[in-house]
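Position in the sequence shown counted from 1, then plus 21, gives you this note's numbering. Even for Gly, the Cβ is constructed at its ideal location relative to N, Cα and C. The block underneath contains the structure these notes are about, expressed in structure tokens.
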Amino acid sequence: MTETPPTIRAPRGPHRTAKGWIQEAAKRMLMNNLDPEVAEHPENLVVYGGRGKAARNWEAYHKIVETLDRLENDETLLIQSGKPVAVLKTNEWSPRVILANSNLVPHWANWETFDQLDQAGLMMYGQMTAGSWIYIGTQGILQGTYETFAGAAKKHFGGTLKHTITVTAGLGGMGGAQPLAVKLAGGVSINIEVDPTRIEKRLETKYLDEVADNLGDAIARAEKYKAQGVARSIGVLGNAAELVPELVALNWTPDLITDQTSAHDPMWGYLPPVAPDEDAATLRADYPEEYRKRAYEAMATHVRAILELQGRGAVAFDYGNNLRQRASEWGVQNAFDYQGFVPAFIRDSFCEGRGPFRWVALSGDPADIYATDKALLELFPEDERLQSWLTYAADQIAFQGLPARICWLGYKERDKAAKLFNEMVADGRVSAPIVIGRDHLDAGSVASPYRETEAMKDGSDAVSDWALLNFGLGIASGAAWMSFHHGGGVGLGFSQHSGLVALADGTPEAALRLSRCLLNDPAMGVIRHADAGYDLALDVARERGLDLPSLGI
Ligand code: NAD
Numbered sequence: 022m023t024e025t026p027p028t029i030r031a032p033r034g035p036h037r038t039a040k041g042w043i044q045e046a047a048k049r050m051l052m053n054n055l056d057p058e059v060a061e062h063p064e065n066l067v068v069y070g071g072r073g074k075a076a077r078n079w080e081a082y083h084k085i086v087e088t089l090d091r092l093e094n095d096e097t098l099l100i101q102s103g104k105p106v107a108v109l110k111t112n113e114w115s116p117r118v119i120l121a122n123s124n125l126v127p128h129w130a131n132w133e134t135f136d137q138l139d140q141a142g143l144m145m146y147g148q149m150t151a152g153s154w155i156y157i158g159t160q161g162i163l164q165g166t167y168e169t170f171a172g173a174a175k176k177h178f179g180g181t182l183k184h185t186i187t188v189t190a191g192l193g194g195m196g197g198a199q200p201l202a203v204k205l206a207g208g209v210s211i212n213i214e215v216d217p218t219r220i221e222k223r224l225e226t227k228y229l230d231e232v233a234d235n236l237g238d239a240i241a242r243a244e245k246y247k248a249q250g251v252a253r254s255i256g257v258l259g260n261a262a263e264l265v266p267e268l269v270a271l272n273w274t275p276d277l278i279t280d281q282t283s284a285h286d287p288m289w290g291y292l293p294p295v296a297p298d299e300d301a302a303t304l305r306a307d308y309p310e311e312y313r314k315r316a317y318e319a320m321a322t323h324v325r326a327i328l329e330l331q332g333r334g335a336v337a338f339d340y341g342n343n344l345r346q347r348a349s350e351w352g353v354q355n356a357f358d359y360q361g362f363v364p365a366f367i368r369d370s371f372c373e374g375r376g377p378f379r380w381v382a383l384s385g386d387p388a389d390i391y392a393t394d395k396a397l398l399e400l401f402p403e404d405e406r407l408q409s410w411l412t413y414a415a416d417q418i419a420f421q422g423l424p425a426r427i428c429w430l431g432y433k434e435r436d437k438a439a440k441l442f443n444e445m446v447a448d449g450r451v452s453a454p455i456v457i458g459r460d461h462l463d464a465g466s467v468a469s470p471y472r473e474t475e476a477m478k479d480g481s482d483a484v485s486d487w488a489l490l491n492f493g494l495g496i497a498s499g500a501a502w503m504s505f506h507h508g509g510g511v512g513l514g515f516s517q518h519s520g521l522v523a524l525a526d527g528t529p530e531a532a533l534r535l536s537r538c539l540l541n542d543p544a545m546g547v548i549r550h551a552d553a554g555y556d557l558a559l560d561v562a563r564e565r566g567l568d569l570p571s572l573g574i
């Protein structure tokens, strides 16, 4: 074990030290998750999303890397909450790694139990793509965030956010995508963030345009851009639990209001306001109960202000961080009076198995990603959203760590893209294998009643069988590595979800694995929503040839 945390950067290029490309890919993606360009706090192995980690501790990290380098092509490495626990003989078609992160038996599925186990060194919080080694920096969520704001524009503002102002908070790993996503949808945004280093990072990576001196200045700048119809993002340093109520006091109402602070985690995510002579970290360490109480109080104040702004005409939506639940636990009885973003704007996509599809060039060469961008534009010429997104992304997005891309594709699209990428590796159009994965935030991989499965048509919001079926199906279909997590996005006790990663290394074996797992994985989204009775999913199931015995399809 090293004393000073090492600075990690994944190896690049077409030569591997592991015994197969899947093992090499898993190793590079673990390392990439911890690259300082990618991770929010790599020194603590924290990738994003509060304390979402890639490995339990540095000792476990080094053991994982060593083990992946010696792992045979018919073996599987088991990872239990960030610690490598066993290598077993399986077979060549099995995943090389199976991961389980932060899972607890339902009765004990809460932060209190988790924290005890975490402090005893027995668990870690995997978030979604932190512990499953397929985080690609803020771009990873940009397309989804854009889909959400574009959905809001379509539903409430005639198709564009031009001449509107959005207020949000949190410029962390995921939340940092908000300013650029609102801008892409044509709007102006005010982004409240309590940590100046996060504001700096978003400015450096061009996700944020400018910083205001204070809230009044931010409003003045935003109003000017709104009047001019200019899409622009403004950061402002401060605590959302103070600044959002200040908007109410100023009698100023934005067009849209949401939030992406790490409210899923009251102890380590959402920061309560502190006095100038107080230090939040010291308060948390010395008086944890006082800290928790203050965090809850702050979240309740924050939500009351959002509700007030909604009452005054703002379109309010919850952005998947469980802020409403925290406030309701603290006595805000009408906290759920504003909707979550999935039922509000995303569910139709899920009915088509449409969701985030991401890929990473193991060569480290941006030219490989540009080649795949071009190939996808030619493969799906009729998809207007994809055309405009990929054209924009190729031109404007700064890569973090290994070059990567994301777009949203549906059932019977993702397998086509994966097949094409495998051919490109085989014929040398790209110079090394391509990793293909997705967020756990997807059509058929997650049970999360305050987010992805909020307000399901048949009331099956809390049924997590579907996430487990997705996990088993990915293993049976040839995933490179598969993961099952608890508590991602909305915190412990509120979600269960699975993650899939596949590899295009140009071999016929990879072609077969990709054709199965990239077909079956999005199929789960269609199946889950067809079973819940959504007409769109039923139509897609019929038209695209799924076999669903209980529905007569
Ligand atoms: P993060 O921990 O990297 O960033 C959170 C940011 O919020 C930090 O920069 C922190 O300084 C800031 N913050 C905390 N309390 C604050 C306060 N009171 N006022 C102002 N700023 C405050 O987390 P992230 O990866 O950006 O994720 C944010 C939240 O969104 C998490 O709860 C996560 O689970 C959720 N999430 C949502 C989606 C989605 O698509 N909706 C996807 C992934 C994650």
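Exposure of I574 is indicated by the presence of fewer than 16 other C-beta atoms within 10 angstroms of its C-beta. Shortest Cα-Cα distance from R534 to any of H506, V547, I496 involves I496. Straight across, the Cα-Cα distance linking W42 with H177 is about 47 angstroms. Sixteen is the threshold: since fewer than 16 other Cβ atoms of the shown chains lie within 10 Å of the Cβ of V126, the residue is exposed.
In the three-state scheme derived from DSSP, where H, G and I count as helix and E and B as strand, W410 is classed as helix. Sixteen is the threshold: when 16 or more other Cβ atoms of the shown chains lie within 10 Å of the Cβ of T282, as they do, the residue is buried. Under the DSSP assignment, P377 falls outside any alpha helix (DSSP H), being part of the beta strand (DSSP E) whose first and last residues are 376 to 382.
Distances from the CB of N342 to the heavy atoms of the ligand NAD include at least one below 6 angstroms. A distance criterion of 6 angstroms places the beta-carbon of I574 beyond contact range of the ligand NAD, judged by its closest non-hydrogen atom. By the Cβ criterion, the stretch 474 to 490 is not in contact with the stretch 91 to 103, since fewer than three pairs of Cβ atoms, one from each stretch, lie closer than 8 angstroms. For R253, the enclosing beta strand (DSSP E) has its first and last residue at 253 to 258. Cβ-Cβ separation between Y167 and L205: approximately 5 angstroms, consistent with a contact (criterion under 8 angstroms).
Using a 10 angstroms sphere on the CB of R91, the tally of other CB atoms stays under 16, which defines it as exposed. Closest in C-alpha terms to P294, from the list R313, E473, T134, D307, comes R313. Taking 6 angstroms as the cut-off, the C-beta of L229 does not count as close to any heavy atom of the ligand NAD. Rounded to whole angstroms, the gap between the alpha carbons of A553 and G512 is 25 angstroms.
The three-state secondary structure of A190, taken from DSSP, is strand. Here H506 is near S123, since their CB atoms are less than 7 angstroms apart.
For R549, the uninterrupted alpha helix (DSSP H) run begins and ends at 529 to 552, by DSSP. If only uninterrupted alpha helix (DSSP H) runs of at least 4 residues are considered, those enclosed by the stretch 199 to 265 are 199 to 205, 217 to 225, 236 to 249.
Contact between the stretch 418 to 428 and the stretch 57 to 70 is established, with three or more Cβ pairs separated by less than 8 angstroms. Note that the C-beta distance between D394 and L407 is not below 7 angstroms. Nearest neighbour of S384 by Cα position, chosen from A326, S452, K40, turns out to be S452. Annotation for V561 indicates a beta carbon at 6 angstroms or more from all heavy atoms of the ligand NAD. By the criterion of a C-beta distance shorter than 6 angstroms, H461 is surrounded in its chain by M149, V467, G509, H518, G520, once the five residues flanking it on both sides are discounted.
Between A348 and V363, the C-beta gap is not smaller than 7 angstroms, which leaves the two residues out of contact. Within the DSSP secondary-structure output, F505 pairs in a beta bridge with A121, S519. In the DSSP annotation of this structure, the continuous segment of the alpha helix (DSSP H) that includes E87 starts and ends at 79 to 91.
The beta carbon of R223 is closer than 6 angstroms to those of L192, G197, L229 in its chain, skipping five residues each way along the sequence. For R565, the secondary structure class from DSSP, reduced to helix, strand or coil, is coil.
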